[in-house]
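Working notes for the structure below.
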Amino acid sequence: MLIFVGLFLAGGIFSFARQKMPKGLIVLLSIGAAMCLFAGVLRLEVWN
């Protein structure tokens, strides 16, 4: 589930960048997307 949320936020980053939104908002969204993707990968327990 978290991986899908991360991918959704990553799509939002691309959309916001094309609309010339403020850089702070894009950075905040990218941090959230990265954390969601990272947490989703960790929950898959691939690393164990």
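With the first letter of the sequence shown counted as 1, position 22 gets the number 21 in numbering that gives the first Met the number 0; the numbers rise by one all the way through.
Glycine included, every Cβ here is placed at the ideal spot set by N, Cα and C.
These figures come from a predicted structure and were not determined experimentally.
Taking the alpha helix (DSSP H) that residue i belongs to, which residues open and close that run?
i	result
K19	Element bounds for K19: n/a, residue is neither H nor E.
Among the residues of its own chain, which have a CB less than 8 angstroms from the CB of residue i, if the five just before and after it don't count?
i	result
R17	none
R42	L1
As a quick exercise: from the options, pick the residue whose alpha carbon is nearest that of residue i.
i	options	result
L28	P21, K19, I12 and A38	I12
G10	K22, G39, K19 and A32	A32
Can you say whether residue i is buried or exposed, counting buried as having 16 or more other CB atoms within 10 angstroms of its CB?
i	result
G5	buried
Just to check my reading of the structure: residue i and residue j have Cβ atoms closer than 8 angstroms, yes? What is that Cβ distance to the nearest angstrom?
i	j	result
I30	F15	Contact flag wrong, Cβ pair sits at about 13 angstroms.
Please work out which residues of its chain come closer than 6 angstroms, Cβ to Cβ, to residue i, disregarding the five sequence neighbours upstream and downstream, and give them in chain order.
i	result
E44	none
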